[in-house]
Structures are given as C-alpha cells and as structure tokens.
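**Student:** Per the numbering used here, residue 239 is the first one in the sequence shown, and the count goes up by one each step. Here a beta-carbon is modelled for each residue, glycine too, at the ideal position from N, C-alpha and C. First the structure, which I've put down as structure tokens, then a few questions once you've had a look.
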Amino acid sequence: MIRFDKWLSVLTSFGFLLIIISSLLFVYQYLGGTASSRRRQWGWGAVFGGLLLLMRLPFIAYNRELEVDESQMLTQALSLTKYIHYWNDVDGLTQGPLVSYLLILPSWFGGSFDYISARLVGFVLLSLTLLFTYRTVHNLFAAPVSLAVFVPTAFFYLLVQGWFCELYNEYVVLCLLAITFWLFSSLYNQPYPTFGVLLALGFVSGLVPFAKLQGVPTVLVTLLFTALIILSKSPKKILSLLVLLAGCLCCPLIVLVLTLLNGSFDYFLNFYLIGNFQYSYGGSIWQKALDYPTFLQHSGQFIDLFITYAVLIAAYLWVSIRSSFRFNIRSFLVWFGLLHVLTGFYEAIKSGYQFYHYQQFLIIPLALLSGALWDGFYATRQVPAPKVRLILAGWVLLCCLPYGIDRLVLFASSARPVTIRLYDLGQPIPVSPISKKILSYTRPGDDLTLWGWFPAYHIETQLSQATADNITFRVLMPGPQQQRHQARFLEDLKRHRPAVFVDLVNRTHSFWFLNPDVFGHEQVVPIGTYIQTHYQHVATINDERVYVRKDRLRESELPRRH
Numbered sequence: 239m240i241r242f243d244k245w246l247s248v249l250t251s252f253g254f255l256l257i258i259i260s261s262l263l264f265v266y267q268y269l270g271g272t273a274s275s276r277r278r279q280w281g282w283g284a285v286f287g288g289l290l291l292l293m294r295l296p297f298i299a300y301n302r303e304l305e306v307d308e309s310q311m312l313t314q315a316l317s318l319t320k321y322i323h324y325w326n327d328v329d330g331l332t333q334g335p336l337v338s339y340l341l342i343l344p345s346w347f348g349g350s351f352d353y354i355s356a357r358l359v360g361f362v363l364l365s366l367t368l369l370f371t372y373r374t375v376h377n378l379f380a381a382p383v384s385l386a387v388f389v390p391t392a393f394f395y396l397l398v399q400g401w402f403c404e405l406y407n408e409y410v411v412l413c414l415l416a417i418t419f420w421l422f423s424s425l426y427n428q429p430y431p432t433f434g435v436l437l438a439l440g441f442v443s444g445l446v447p448f449a450k451l452q453g454v455p456t457v458l459v460t461l462l463f464t465a466l467i468i469l470s471k472s473p474k475k476i477l478s479l480l481v482l483l484a485g486c487l488c489c490p491l492i493v494l495v496l497t498l499l500n501g502s503f504d505y506f507l508n509f510y511l512i513g514n515f516q517y518s519y520g521g522s523i524w525q526k527a528l529d530y531p532t533f534l535q536h537s538g539q540f541i542d543l544f545i546t547y548a549v550l551i552a553a554y555l556w557v558s559i560r561s562s563f564r565f566n567i568r569s570f571l572v573w574f575g576l577l578h579v580l581t582g583f584y585e586a587i588k589s590g591y592q593f594y595h596y597q598q599f600l601i602i603p604l605a606l607l608s609g610a611l612w613d614g615f616y617a618t619r620q621v622p623a624p625k626v627r628l629i630l631a632g633w634v635l636l637c638c639l640p641y642g643i644d645r646l647v648l649f650a651s652s653a654r655p656v657t658i659r660l661y662d663l664g665q666p667i668p669v670s671p672i673s674k675k676i677l678s679y680t681r682p683g684d685d686l687t688l689w690g691w692f693p694a695y696h697i698e699t700q701l702s703q704a705t706a707d708n709i710t711f712r713v714l715m716p717g718p719q720q721q722r723h724q725a726r727f728l729e730d731l732k733r734h735r736p737a738v739f740v741d742l743v744n745r746t747h748s749f750w751f752l753n754p755d756v757f758g759h760e761q762v763v764p765i766g767t768y769i770q771t772h773y774q775h776v777a778t779i780n781d782e783r784v785y786v787r788k789d790r791l792r793e794s795e796l797p798r799r800h
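Printed below as a string of structure tokens:
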C-alpha cells in the first residue's frame, strides 16, 4: 500500500466513513423501493462518482510516476503527436494503439503530457467501466443479487490504496469489455435480438484487439453466447449473425487498410499479432495455474477482492447444500459466468509474467458467476425485504472489513515511508539531474533514445522516442524474434537520429536489466558499433551513461531549454 501524510490520511479516512454510510443508506432505500426512480438512480450515481473521485484524488493529482507503464504509455502518446503511425514509429509491445492515441486527447484541450492528465483519462475510463458493470448485473439479476455481486468490485476500486490506483494499460480494454457485457445483457433481456444492439456489440468487440489482445478470449466467449441467443430467439437467424459479424469486422478491416497504406502491416502482423501470441515467460499453462496462489499473494489488495468473491461463492455452496438446492445444469448464465472466469484466469496467467494488473480480467467474470449462482437460488425463495436488507447491510460491512484492516495495519506500521504528501499534489513533474543534462544538449523537436527500462525521462524532458520500442525488453530478452527487434531498433536509430542516447543499465537501481556486461548496449554489436561511431559519451550520472550525437557536439552555439 502507498502511505499518505496525515492530511491525506484524514481525508481518505473520512471518505472511507462516507462510503460505508452512503452504502448502508443506499441498501435501505434501494430495497425499500425509494431509490428506484431514474432521478434517484442518477443521484446515487453522482454520489458514487464523487466518492470515487475523492478517494482517487491523491493519486490523480500526484504528478510523478507510480508505475513504469504510466511513463511508457505517456511517451508513446507524446511521440505519436510527431510520428503518427502506430507500429511503424511507436510500438506498445502488448498494448494496442487505442491506449496511446487516447492519451493524446488532453493535449487537445490544453493539457500536458503528464501523469495528472493521463490519470484523469484513466479515471473517466474506470468510471465508465464501473457504470457498465453495474448496468450489466442490474440487467441480468434480481435487484438484491445484482447489488450483492457489484459491491466487492465497487469497494475494491473505491478503497484500494496503492496498486491498481495508477494508470495501467488495461484501462481501455476493460472499459470495452464492460460495454460488451452490458450490450450482451441488453440482448439477453430482449424478446429477440435487435439489429442495432447486435451491430453495436460487434463493433465494440472489434475494437478490443486494438486496445489489448489479451482481452480477445473474453470477447470471443461473449460473442459465442450471443450467437447462441441468436440461434434460440431470433426469427432471422442468418441475417442477425451476419449483422453481428459485420460489426465485428468493421474495425479490423479499417486497421488492415491503414497498415497496408502506411507500410506498417509487417510490424502489425509479426510484432503485434504473432509477437503477442509468442509472449510468454515459458512453462506450461498448468504450471502457471499452479503458481497462481503465489501470484495472488503478491498482488496487493487484489486479494481482498478475490476473497470477497470466494466468500460469496462459498456461501452459495453452503446454503445450497443445506437447503438441498441444485442449480439447473442448463443454466445459460451460470455457464456464461463460469466460462468467463476460466477465460479471465487464462488471460491473467498465460504470459507467465506475474503483473498484478492482469488479474483485472477476472473481476467482472467473478461478479457474473456469483450473480448467476445466487440469482437462481434467490428466484426459488421468498425472502422478506427486511431480512434481505439486513443481509446486504452485513455484506457491505464485511466487504469493507479487509480494507479497513489494511488501513489500520498501515497506520500502525512505521516501516514504510510516506510516499504522497498533500503539498506534492498538483506540482509540476520534477526534473532529475540526468534529464537536466539531456536538456542541455537538446532542442525542441529532438528525439531521445533510452536503452533499458525507464521511460520517465521522456516525460521529464518532453522528448519523443526515436525508436519504436521505448523500452528495450524485446531487444534484450531472448525470443524467436529477438534479432528482428534488434535490427529494427538499429534501423530506427539511423532513421530518426536521436540527439541523445542514454544507457540506463546499471548494477544498483536499473529496472529489470541490472548487469551491463549482459544488457549494456555494447552487447548488441551492431548497435554498440553505431553508437561508438556516431555518438560521444559526455557524462555518467547515477551510473547511467549519456551519449550525444557528435555533430550536435560540434555546433558552436546550442539553444538552452529551461
């Protein structure tokens, strides 16, 4: 968890208390029928949005990197304002172009390429994701059940304090998946599938691969069940399937044409499609599944969310056994939820890299499976409203409990230093000594190349990346296409001729790549030779080596940037 100073701790503790009070009040009004009007629903939605903003504000307004992916995505967006062709000039590794292009939007309204603007975009996407998730469970399940299964997800994003509060590259794909779930829930409730919703579902599904390929299995499962709905309910089955297919193909066909026109199809095919398919730490899927408890244990407060859904499902099993209730083996929504949980689990573990944010692909599926199980049980029981209200109030408090314990442990611990202070909020991005050195040799419009994994220097200097990869992960890590990545990196250096080249690899604080004897730029001989020929080493700051292009050094006067 991230530690706040006393002022922000008081603010977020007050927010915690407001969340509990408003949640209990909502449960009372919602089940009492007084929260069912459209005006009241929008009012409660505004309350939820305000509380979400309050609890996220310390992270949004903290204008420093919280996770390396933030700088990576911002650098890509910054570079795309100069080099507009994704995959040709900017390559997001596992993420698609939608993520990077979306982060350009704040600059159209006078915003900067900084962490505040980026996290504001992330906040909007998160709010939409939660809105569509709520509408999905509301459409599919009875009111008490939908509320019960949404609470763990809502509280997780409201109360988490640390990981999952930064900008992560799943924001866009999770929002798109939430929209597909909502559209599916609308189709599920229709007497027969309408062409408009089918077309919209297909179109949004077609966007998913260009946000992040990792989400494609989830959308394929949704499309499979949509096809089953069409076959069981539509009077025009063939036409409905064709409409769905047409929607799915819109975006892929547009991207295909654009990549062919701008010459990036080869990169798109080999580095994005094939490269992502090959992206793996190694080992069988079964071994990765067996390693999941360790993965979960090191995933911060995600374990709180996982436990609450596990409790919800375990409670269903216990109640079902006690009452001799058996769910219908043909239950459409149970199978829908179960297959999505398995698919989300596969997406989280497939690569073998235990990046905690991958587990967000499990969140909506866990809500769907829990809801499908409990909805079948609830439909067979006549439970008095006061009892339902009491159970849900207890459930709200239970879901808050692990986050409350986390906060108490954090307050009691003096081991962790304060990370975010009130006076840090809203400040400009601090410029490190090495960025000041870089700026002393560069002009507006210059490019910068970083060898290693610390793209924050691009954001500090506002210099675009000269190579498609702004981290050298694929250049340095063994893989079937490593030589192609090395050749492309050298080609980009020759094409864009960055004014400054920085080798970040060192033995003390380098991220991921710690040994210069293995990962230094000299170890890739063609690249090392090119740098030696065309660049001169001018400084070593904090064990990071700065090289400047020789023709730039020969210039008599150099405009200074301030």
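Measuring alpha carbon to alpha carbon, tell me which of 767, 696, 679, 764 ends up nearest residue 789.
**Tutor:** 679
**Student:** Taking the continuous alpha helix (DSSP H) assigned at residue 775, which residues delimit it?
**Tutor:** Looking at the DSSP string, residue 775 is not in any alpha helix (DSSP H); the run it does join, the beta strand (DSSP E), is 773 to 779.
**Student:** Does residue 516 pass the burial test, meaning 16 or more other C-beta atoms within 10 Å, or should it be called exposed?
**Tutor:** exposed
**Student:** When DSSP builds the beta bridges, which residues end up paired with residue 685?
**Tutor:** 702
**Student:** Going by C-alpha to C-alpha distance, which of 645, 436, 539 sits closest to residue 478?
**Tutor:** 436
**Student:** Provide the residue span of the beta strand (DSSP E) that contains residue 308, from first to last.
**Tutor:** No beta strand (DSSP E) contains residue 308, which is instead part of the alpha helix (DSSP H) from 306 to 318.
**Student:** May I ask you to list the residues that DSSP assigns as paired with residue 560?
**Tutor:** Looking at the DSSP assignment, residue 560 forms no beta bridge with any residue, so it has no partner.
**Student:** Just to confirm the assignment, what range does the alpha helix (DSSP H) spanning residue 783 have?
**Tutor:** Here residue 783 belongs to no alpha helix (DSSP H); instead the beta strand (DSSP E) covers 782 to 787.
**Student:** Report the three-state DSSP secondary structure of residue 506 (helix, strand or coil).
**Tutor:** helix
**Student:** Distance check for residue 598 and residue 423, CA to CA, integer angstroms please.
**Tutor:** 20 angstroms
**Student:** Report all residues from its chain with a CB closer than 6 angstroms to the CB of residue 409; omit the five preceding and five following residues, and keep chain order.
**Tutor:** 360, 363
**Student:** Determine contact between the stretch 749 to 760 and the stretch 719 to 737, defined as no fewer than three beta-carbon pairs at a distance below 8 angstroms.
**Tutor:** no
**Student:** Measuring straight from C-alpha to C-alpha, what distance separates residue 764 and residue 396?
**Tutor:** 50 angstroms
**Student:** My guess is that residue 697 and residue 300 are in contact by the Cβ rule of under 8 angstroms, so how many angstroms apart are they, rounded?
**Tutor:** 14 angstroms between Cβ atoms; not a contact.
**Student:** For residue 392 and residue 433, what's the separation of their Cα atoms in angstroms?
**Tutor:** 32 angstroms
**Student:** Contact check, residue 611 vs residue 554 under 8 angstroms by CB: the rounded distance?
**Tutor:** Going by Cβ atoms, the distance from residue 611 to residue 554 rounds to 5 angstroms, so yes, they are a contact pair.
**Student:** Specify the secondary structure class of residue 450 as computed by DSSP and reduced to three states.
**Tutor:** strand
**Student:** In whole angstroms, what is the alpha-carbon distance linking residue 801 and residue 562?
**Tutor:** The chain is shown from 239 up to 800; residue 801 falls before or after that span and cannot be answered.
**Student:** Tell me where the alpha helix (DSSP H) around residue 583 begins and ends.
**Tutor:** It spans 570 to 587 - the alpha helix (DSSP H) in which residue 583 sits, taken as one unbroken run.
**Student:** First and last residue of the alpha helix (DSSP H) that includes residue 730?
**Tutor:** First-last of the alpha helix (DSSP H) with residue 730: 720 to 734.
**Student:** Give the C-beta separation of residue 485 and residue 453 to the nearest angstrom, bearing in mind that I take them to be a contact with Cβ-Cβ under 8 angstroms.
**Tutor:** Actually they do not touch by this definition, with Cβ atoms about 17 angstroms apart.
**Student:** Count Cβ pairs between the stretch 577 to 585 and the stretch 631 to 649 that sit closer than 8 angstroms; are there 3 or more?
**Tutor:** no
**Student:** Kindly list the residues whose CB is nearer than 6 angstroms to the CB of residue 687, restricted to its own chain and excluding five residues on each side of it in sequence; keep chain order.
**Tutor:** 704, 705, 736, 739
**Student:** For residue 519, does the three-state DSSP call read helix, strand or coil?
**Tutor:** coil
**Student:** Are the stretch 498 to 506 and the stretch 458 to 476 touching by the rule of at least three beta carbon pairs closer than 8 angstroms?
**Tutor:** no
**Student:** Measure the C-alpha to C-alpha separation of residue 605 and residue 320 and round it to an integer number of angstroms.
**Tutor:** 42 angstroms
**Student:** Anyone know if the C-beta pair for residue 333 and residue 427 falls short of 9 angstroms?
**Tutor:** no
**Student:** Measuring CB to CB, does residue 592 end up less than 9 angstroms from residue 401?
**Tutor:** no
**Student:** Give a yes or no on whether the minimum CB-CB distance between residue 729 and chain B is below 9 angstroms.
**Tutor:** Absent from the structure: chain B. Only one protein chain is present.
**Student:** For the 8 angstroms Cβ check, are there 3 or more pairs between the stretch 346 to 355 and the stretch 721 to 735?
**Tutor:** Between the stretch 346 to 355 and the stretch 721 to 735, the count of Cβ pairs shorter than 8 angstroms is below three; the stretches do not touch.
**Student:** Can you say whether residue 331 is buried or exposed, counting buried as having 16 or more other CB atoms within 10 angstroms of its CB?
**Tutor:** buried
**Student:** For residue 739, which of helix, strand or coil comes out of DSSP?
**Tutor:** Note: residue 739 maps to strand in three-state DSSP.
**Student:** Check this for me: beta carbons of residue 312 and residue 693, under 9 angstroms apart or not?
**Tutor:** yes
**Student:** Verify whether the separation of the beta carbon atoms of residue 634 and residue 607 is less than 9 angstroms.
**Tutor:** no
**Student:** Could you work out which residue in 412, 344, 787 is closest to residue 370 when comparing CA atoms only?
**Tutor:** 412
**Student:** Taking its Cβ as the centre, do 16 or more other Cβ atoms sit within 10 Å of residue 782, making it buried, or is it exposed?
**Tutor:** Residue 782 should be labelled buried.
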